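Chains R and D, in that order, give the protein sequences.
Per this note's numbering, the very first residue in the first sequence carries number 1304; after that it's consecutive.
Per this note's numbering, the very first residue in the second sequence carries number 2; after that it's consecutive.
Just so you know, even glycine gets a beta-carbon here, dropped at the ideal spot from N, CA and C.
Given the structure is predicted, the values throughout are model-derived calculations rather than measurements.
Presented below is the structure to which this report refers.
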Amino acid sequence: MRWVLKENLFLFLLLLPAMVLVGVFIYYFIGWTVRVSMTDWQGLRPSYNFVGLRNFLRLFSDYRFVVGAKNNLFVLAVFIGSVIPIGFILALMLDQNVRFEALFRSIFLLPMALSLIVTATAWAWLYNPTLGINSIFQALGLERLQSLFIADPNRALFWVTVTAIWQFSGFAMAIYLAALRAIPEELTEAARIDGANFWQILVRITLPLVKPATVSLIVLLTHVALKIFDLVWVMTSGGPGYATDVPALYMFVTTFRQDRVAYGAAIAVVMFVFVMVIIGPYLVYNRRNEVEL
Amino acid sequence: MRRGFFIAALLLIVMLFSQVAAAADEMLIYHWWTAGGEKEAIDALLEVYQKQNPDVTIVDNPVPGGAGVEMKAVMKSLILAGQPPSTFQVHAGAEAQLYVDNGLMDPINELWEKHGWAEVVPQDLQDLLKFNGDYYLVPVNVHRANLFFYNKKVFDEHNITPPTTIEELLEICEKLDAAGITPLALGSRYKWEAAHLFETILLASAGPEFYVDYFQGKARATDPQFIEALTVFGKLIGYGNKDHSAFTWDQAANRIMTGEAAFHNNGDWVKGYLTGAGYEAGVDFDVFVLPVGSFGLVVDGFGLPSGAPGRDATLRFLETILTPEGQQAFNPIKGSIPARSDLDDSIYDEISRKMMADLAQDTLVPSAVHGSAAPDAFMSDWTDVIHRFLYTGDVEQTARELDARAVEHGLVQ
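So this is what it looks like as structure tokens:
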């Protein structure tokens, strides 16, 4: 008994530094941001006069925030709706004992290794209406296919999302490949002997068994999409107009360019709530699965 | 093995702390001059300083990002965290006033008196360096904002003489457009480029008096002069390339040389970019000024943050900046002109010499987009609204929105 207590104390001491750091730099500052979001702090010097929910009420009648939130939902839907199937199909193809599998795997995974800033800068050049992909179309005599890309206010958001899809599909592939490799060979073998065809195996065995991977991916990708900033900032700065504006970018501009610190904190809090709405159920799901095991 | 690790860790800690506690003869400087031409200019200035002060260690901290858009955020967080650098680049006028009003800068009156700088720096320019009667900044350079660069061959081919009024500018646009040439090369990738054009149009259309009043909150965006300027701006945008939001100012300037467009509005830093790209001023391209008789000031300065490390070394640096040697080392390379009016102009090119002559006689008006005329926080909003106007074209709604932002930021009571 004493030995257990001693060991627990030792473990607790080992964990203490990490707990203190996480407590201060994550939870304390979340609390601090919530507090700031209910003040009138505007300008360089802090001001903590309590104004209640005024900043939040203004936020929902703020044209730019509403447009940004809608943009973000579009990015979320298109991004997840593309990355998951693309990643799964790539993984499925690589799982068929193809030649040079390691080479393909590296190629697909490579974009993941790039910094978002690098990706954004390179793609901004590709999307440049006179210097990028368009000049290839020009050389091939395919002027019909030319597009304004990120300079087109109606489609800019889509093209920014395409870049994000390019960056993250390889990551989804890697997760799915690991999940596929974990499926016991006997299961598919048995199904095949019973006369199941490729589609039946896919729908009845493969998809249900990679479901945990799918759930994890959806959660991971959702928070990537909700926090999207780097790509937008470097490629378009939120333009044309507010066509690619997102709350994360508005938060940065509001806080650090316009010195409206309290208002920026309010945007941060709303974003935090959005992310929690997605992550919360995942945490519950995870706990339940652990109990079942 | 284990001891080696221990020593390495100890060394690392020592290195970290030596970074924090800067030595007395160390000067930590922040600026945003990283592009070709700019970097060489600041290097030349720092070299002059280093020669005069061989014992000082200069810690150079450039933050990339045109017009300092990225550095401002870095600087605000550093100063708020109580970690100001020895000195940092800041636009003279409103942008510097933000720091002064918050008590974050120390006055440097003695420096100005000791050197009699009040005699050699133009009076209107001094107003951007002085707050509440005290001097806080030393100017490095003067750039001119209200310039148009044009392709000389295109203008000659179509028998066009550079315009002197807004009406003439619009006539030229019509003529070029009819000849199948895009008149205006526009870039708006970082949004401020479009706001810069509007600032110039506002100055030309409504006049310098209204311009200054407006940015001081004495006139409003809903006034007829402002509405008229927005309308002209809208017309001009119609003569520009539609894919502007994919282009930065330098890419847009390049379009006038490739013949994709005829002229481009921006500050005189375009000159440095075009000559750097191998084009010759006066042969391949030239400039015209709108409005004639007004000088849109873009002035970079350095000051003395309160409680900053290396104070003596910094004071000596501020001194170097405004000495003839400092000014003449920096400005010819940067493509700007000196902030003092008593210097030899023979080392400057023809365009700069014309600007130096204009500086002595024109009405000097501070640029708003480049931080001198109005608070940065308001201008950030202003720029976003103007950029959106490029797509909505709605004059009334844009004017109303700009006015609402002016009220919100406390510019208009």
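query, result
"Neighbour flag for R/Ser-1540 against chain D, beta carbons, 8 Å", "yes"
"Three-way DSSP call (helix, strand, coil) for D/Met-258 in this model", "helix"
"Interface flag, D/Arg-190 vs chain R, CB-CB below 8 Å", "yes"
"Beta carbon proximity, D/Tyr-392 to chain R, threshold 8 Å", "yes"
"Distance between D/Gly-260 and D/Cys-174 (C-alpha atoms, nearest Å)", "15 Å"
"Chain R residues whose Cβ lies nearer than 9 Å to that of D/Leu-99", "Gly-1346, Leu-1347 and Asp-1562"
"Helix, strand or coil at D/Gly-117 [DSSP, three-state]", "coil"
"Beta-carbon neighbours of R/Tyr-1585, restricted to chain D and to distances below 8 Å", "Correct list: empty, because the minimum Cβ distance to chain D is about 33 Å."
"Cβ-based burial, R/Ser-1350 [other Cβ within 10 Å; buried from 16]", "exposed"
"Residues that R/Ala-1425 contacts on chain D, provided the C-beta gap is smaller than 9 Å", "Residues of chain D passing the Cβ test: none, with the nearest at roughly 14 Å."
"Short CB-CB distance (under 8 Å) between D/Ser-373 and chain R", "no"
"Inside the segment 348-383 of chain D only - beta strand (DSSP E) runs reaching at least 3 residues", "364-367"
"Closer than 8 Å at the beta carbon, the chain D residues around R/Val-1556", "Ser-381 and Asp-385"
"D/Lys-131, DSSP secondary structure in three states", "strand"
"Cβ-based neighbour list, D/Ala-22, same chain, cut-off 8 Å, excluding 5 preceding and 5 following", "Low confidence applies here, because D/Ala-22 scores a pLDDT of 45, under 50, leaving its location unreliable; read the following figure in that light. Excluding positions up to five away in sequence, the list is empty."
"Integer Cβ distance of R/Leu-1512 from R/Ile-1486, believed to fall under 8 Å", "5 Å"
"8 Å Cβ cut-off: residues of chain D touching R/Gly-1544", "His-388, Arg-389, Leu-391, Tyr-392 and Thr-393"
"Under the three-state DSSP convention, the category R/Ile-1329 falls into", "helix"
"For D/Thr-88, the first and last residue of its enclosing beta strand (DSSP E)", "88-92"
"Short Cβ contact (8 Å threshold) for R/Ala-1571 with R/Thr-1342", "no"
"Below-8 Å beta-carbon distance, D/Val-396 vs any chain R residue", "no"
"Residues that D/Gly-302 bridges to, as DSSP identifies them", "D/Val-91 and D/Pro-140"
"Within-8 Å CB hit, D/Lys-77 to chain R", "yes"
"For D/Phe-289, the nearest candidate out of D/Gln-398, D/Gly-38, D/Ala-205 and D/Glu-48 (CA to CA)", "D/Ala-205"
"CB contact check: R/Asn-1374 to chain D, cutoff 8 Å", "no"
"Residue interval of the alpha helix (DSSP H) (run including D/Leu-403)", "396-409"
"Contacts around D/Val-101, its chain only, beta-carbon distance under 6 Å, and the 5 residues preceding and following it disregarded", "Phe-132 and Tyr-137"
"Bounding residues of the alpha helix (DSSP H) (the contiguous stretch that carries R/Phe-1382)", "1366-1397"
"R/Ile-1453 at chain D interface by Cβ criterion, 8 Å", "yes"
"Min CB distance D/Asp-244 to chain R below 8 Å", "yes"
"D/Val-60, enclosing beta strand (DSSP E) - first and last residue", "58-63"
"R/Arg-1348 versus D/Ala-378 - alpha carbon distance", "14 Å"
"Interfacial residues, the segment 81-99 of chain D to chain R, with Cβ spacing under 7 Å", "Leu-81 and Leu-99"
"R/Thr-1342 in three-state terms, based on DSSP", "strand"
"Paired residues, beta bridge with D/His-265 - DSSP", "D/Phe-150"
"Closest by C-alpha distance to D/Leu-170, when choosing among D/Leu-365, D/Phe-264 and D/Leu-275", "D/Phe-264"
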